[in-house]
Ligand code: NDP
């Protein structure tokens, strides 16, 4: 293994061969060590991977869902069996603590696979639908796999994010072709290696590597569905490309999760939640605590306690040290973004309470940073940070906190801390976000049973839960008569004044308020 000189922009696992070379090198962000490289896929490679996946899907998609799920559980078993190997590569390639890699990547994936496999037979079973108007007909909705699903994924959770989408796609009878982030290509290689060793058809799970143009080629390759996870600006380009190709898509985009600390919150738990929710995975989580609105009754105590807890965080290279809490910054550009947010906030009056700068020496590390005295004139309160910074703003009421929480173009996750759970639930109803968690942070991503996704510019469509499985399918409606059909139908040609009058009588009988049919049958 070689190593890359660590000199600011080119350190860590950022590849430096985006132009001419046809490989992508992966570097450990905590040490700069060269971990390995992968070959960049050409447009022809992408088309070929989709063609192979389509062939494999033809056989996979017609298997009974129970059998597919039974076979897919082999993947879950292999992931659990080889968890240490996955942790090794994720931890090295992302510079994240092994405990993060185990809990947030491997366990979440094993749970999702288990839930999909156990529940897909029920969720995707043909569904009979009672008909109001066409009482003489019977309808059944069948959930048909779409075909080949493309997955384009980011670098912050390079195992759990694509594997969750892959699990939903395969359980529903599709094949997948994945384009991982160019920053973390080795993790998906490990996933592919484990998949192939299970004896499942290899072409069901294709991998193509590259940059934005490889993702664009995947969208144009004839896929039937795309699940994209990434930033808002890229998401807009990807959604436009999907529109041009009429590819249905799920958009999992950025977040700016607010945490509201009510006057009656448990201050210790709230402070610990802010520190964990803001700094786990170095803040590179779409549902990180990205801004705090603390009621004036608890504001000062929370700021003081968050400062203490932040100063206790053990940061460093997690390889070989299980006590490291916070590891490296995966993508060096995030360091520049963090520095810009801090400079802007300080210029506008914020105070750096803890941290505030890049760590000197080997590796890409940024100190967990707490900013107090923040307000919405600062970019740190309005734009996604995606790094280890927690900005705190004092508010004088819960109404003010809700108003500020909703003053954002993003709406993925939100958090409310209060000892009054009923009040927490009421506040949750007023916050514009795909998920709101009361008295906890981030856990909703691990609730395999529930839909996950955003509102506003955080995207559309849902992953996880029943929605994810149905999103992977086309609904096919089959309609048959309950009684033998006459040789001509009163609704068909030839039209006549008599038929028109008859239809008018039916309309009034069925839908007029107080009609006899409505009163007797309560059918409508
Ligand atoms: P990007 O949007 O930069 O990239 C996401 C993926 O899209 C990468 O694989 C990227 O390839 C690819 N890509 C880039 N350009 C194109 C294009 N024109 N057509 C098709 N694919 C393209 O996001 P990051 O990787 O930087 O991830 C961070 C972002 O992801 C944050 O905003 C974060 O909030 C969001 N995110 C959202 C989550 C959610 O569930 N809502 C979860 C996790 C992260 P390449 O890497 O080669 O550029």
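Numbering (this note's numbering), first residue to last: -5 to 518.
All C-beta atoms in this analysis are idealised placements derived from N, C-alpha and C, irrespective of residue type, glycine included.
Rounded separation between residue 488 and residue 124 - CA only: Along the chain shown, read from residue 1 onward, the residue named residue 488 stands at position 494. Along the chain shown, read from residue 1 onward, the residue named residue 124 stands at position 130. Straight-line Cα distance between these residues: approximately 29 Å.
Name the two residues that bound the continuous beta strand (DSSP E) containing residue 429. For the purposes of this step, residue 429 is taken as residue 435 along the chain shown, with counting starting at 1. 429 to 432 is the extent of the beta strand (DSSP E) around residue 429.
Report the option in 297, 370 and 136 whose CA atom is closest to the CA atom of residue 342. Indexing the chain shown from 1 puts residue 342 at position 348. Checked all of 297, 370 and 136; the closest Cα to residue 342 is 370.
Take the Cβ of residue 375 as the centre, count every other Cβ of all protein chains shown within 10 Å, and call the residue buried at 16 or more, exposed below. Residue mapping note: residue 375 aligns to position 381 of the chain shown, counting from 1. It is buried - the Cβ of residue 375 has at least 16 other Cβ atoms within 10 Å.
According to DSSP, is residue 3 part of a helix, a strand, or is it coil? By 1-based counting over the chain shown, the position of residue 3 is 9. No answer about residue 3 holds up, because its pLDDT of 28 lies below 50 and its placement is not dependable.
Consult DSSP for residue 32 and reduce its assignment to one of helix, strand or coil. Translated into the one-based positions of the chain shown, residue 32 becomes position 38. When secondary structure is reduced to three states using DSSP, residue 32 falls in the strand class.
Just to confirm my understanding: we take residue 319, look at its own chain, exclude 5 residues before and 5 after, and list those with CB closer than 6 Å. What are they? The sequence position of residue 319 within the chain shown is 325, counting from 1. If we look at residue 319 and ignore the five residues flanking it on each side, its Cβ neighbours are 307 and 308.
Run through DSSP, which three-state label would residue 412 get? What you label residue 412 is simply residue 418 of the chain shown in a count that begins at 1. Note: residue 412 maps to coil in three-state DSSP.
Measure the alpha-carbon distance for residue 324 versus residue 455 and round it to whole angstroms. Residue numbering aside, residue 324 sits at position 330 when the chain shown is read from its first letter. Residue numbering aside, residue 455 sits at position 461 when the chain shown is read from its first letter. Going by the C-alpha atoms only, they are around 27 Å apart.
Could you give the first and the last residue of the continuous alpha helix (DSSP H) run that contains residue 156? In the chain shown, the residue the question calls residue 156 occupies position 162. Note, residue 156: alpha helix (DSSP H), 154 to 165.
Taking 7 Å as the cut-off, is the C-beta of residue 210 nearer than that to any heavy atom in the ligand NDP? The residue you call residue 210 lines up with position 216 of the chain shown. Yes, the ligand NDP has a heavy atom inside 7 Å of this Cβ.
Along the chain, where does the beta strand (DSSP E) containing residue 246 start, and where does it finish? In the chain shown, counting from the first residue as 1, residue 246 sits at position 252. Going by DSSP, residue 246 is part of the beta strand (DSSP E) stretching over 243 to 246.
Helix, strand or coil for residue 308 per DSSP? Taking the first residue of the chain shown as 1, we reach residue 308 at position 314. The answer is coil: DSSP assigns residue 308 none of H, G, I, E or B.
Contacts around residue 165, its chain only, beta-carbon distance under 7 Å, and the 5 residues preceding and following it disregarded: Position 171 of the chain shown, counting from 1, holds the residue named residue 165. 62, 63, 66, 110, 111, 114 and 463.
In chain order, which beta strand (DSSP E) runs of at least 3 residues are fully inside the segment 307 to 386? 345 to 348 and 363 to 366
Does any heavy atom of the ligand NDP sit closer than 7 Å to the C-beta of residue 283? Taking the first residue of the chain shown as position 1, residue 283 is located at position 289. False, no ligand heavy atom lies under 7 Å from that Cβ.
State the Cα-Cα distance for the pair residue 503 and residue 134, rounded to the nearest angstrom. Within the chain shown, the letter at position 509 stands for residue 503. Within the chain shown, the letter at position 140 stands for residue 134. Cα to Cα, residue 503 sits roughly 27 Å from residue 134.
Exposed or buried, residue 168, counting other C-beta atoms within 10 Å across all chains shown (16 or more means buried)? Locating residue 168 in the chain shown gives position 174, where the first residue counts as 1. With 16 or more other Cβ atoms within 10 Å, it is buried.
Assuming residue 106 and residue 441 are in contact, meaning their beta carbons sit under 8 Å apart, how far apart are those beta carbons, in whole angstroms? To locate residue 106, count along the chain shown from 1; it is residue 112. To locate residue 441, count along the chain shown from 1; it is residue 447. With a Cβ gap of about 10 Å, residue 106 and residue 441 do not count as contacting.
For residue 437, is the classification buried or exposed, using 16 other Cβ atoms within 10 angstroms of its Cβ as the cut-off for buried? Locating residue 437 in the chain shown gives position 443, where the first residue counts as 1. With fewer than 16 other Cβ atoms within 10 Å, it is exposed.
My output table needs one value for residue 139: the three-state DSSP class, helix, strand or coil. Numbered from 1 along the chain shown, position 145 holds the residue referred to as residue 139. Note: residue 139 maps to strand in three-state DSSP.
Selection from 458, 38, 304 and 19 that minimises the alpha carbon distance to residue 29: Your numbering for residue 29 matches position 35 in the chain shown. That would be 19, whose Cα lies nearest to the Cα of residue 29.
Select from 348, 257 and 211 the residue whose C-alpha is nearest the C-alpha of residue 273. Counted from its first residue, the chain shown places residue 273 at position 279. Selected option, being the one with the closest Cα: 348.
Tell me whether the segment 409 to 426 and the segment 325 to 336 touch, counting them as touching only if at least three CB pairs, one residue from each stretch, are closer than 8 Å. no
Backbone CA spacing between residue 13 and residue 56 [nearest angstrom]: The sequence position of residue 13 within the chain shown is 19, counting from 1. The sequence position of residue 56 within the chain shown is 62, counting from 1. Here the model assigns residue 13 a pLDDT of 45, short of 50, so the residue's position is not dependable, and the following value carries that caveat. About 42 Å.
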